[in-house]
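**Student:** Residue numbers (my numbering): 7 to 116.
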């Protein structure tokens with residue numbers, strides 16, 4: 007979920023599915039303007055290099071997928087994951103904004 011302080015809040019869900027053989031993906035040319043298949047670890051690397059723009063929720067999802075090698079492993083991980091909202095906290099440190107997720111080490115929490 008978008009942090010509580012944000013003027014507009016979103017509750018985004020990410021889904022996993024197997025694309026049927028012979029089906030071709032399409033994008034809408036508005037929110038999505040290009041389509042490519044890439045392994046999660048490669049997408050993360052391309053994001054770090056500046057080749058791709060990857061927003062925070064997508065990056066965190068890719069990080070959770072990066073160690074999973076098979077479709078079945080992805081489905082198993084998705085099925086075992088709790089379906090609870092993730093509420094990030096935004097903290098300004100040294101003049102820079104930082105986002106903390108539940109469970110992240112955060113020097114501002116006891």
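Cβ atoms here follow ideal geometry from the backbone N, Cα and C, with glycine treated the same way.
Helix, strand or coil: how does DSSP classify residue 73 here?
**Tutor:** The answer is coil: DSSP assigns residue 73 none of H, G, I, E or B.
**Student:** From which residue to which residue does the beta strand (DSSP E) around residue 103 run?
**Tutor:** 102 to 106 is the extent of the beta strand (DSSP E) around residue 103.
**Student:** Secondary structure at residue 20, three-state DSSP: helix, strand or coil?
**Tutor:** Residue state, collapsed to three classes: coil.
**Student:** Three Cβ pairs or more, each shorter than 8 Å: is that satisfied between the segment 77 to 87 and the segment 101 to 108?
**Tutor:** With a cut-off of 8 Å, the segment 101 to 108 and the segment 77 to 87 do not count as touching, because too few Cβ pairs lie within range.
**Student:** Determine the direct distance from the alpha carbon of residue 102 to that of residue 34, and round the result to whole angstroms.
**Tutor:** Going by the C-alpha atoms only, they are around 34 Å apart.
**Student:** Which first and last residues belong to the beta strand (DSSP E) in which residue 95 is found?
**Tutor:** Run containing residue 95: 95 to 99, per the beta strand (DSSP E) assignment.
**Student:** Check for me: the alpha helix (DSSP H) holding residue 46 runs from which residue to which?
**Tutor:** Where residue 46 is concerned, the enclosing alpha helix (DSSP H) stretches over 46 to 55.
**Student:** Cβ of residue 80 within 8 Å of Cβ of residue 71?
**Tutor:** For residue 80 and residue 71, yes; Cβs fall inside 8 Å.
**Student:** Do you know offhand how far residue 78's Cα is from residue 19's?
**Tutor:** Straight-line Cα distance between these residues: approximately 20 Å.
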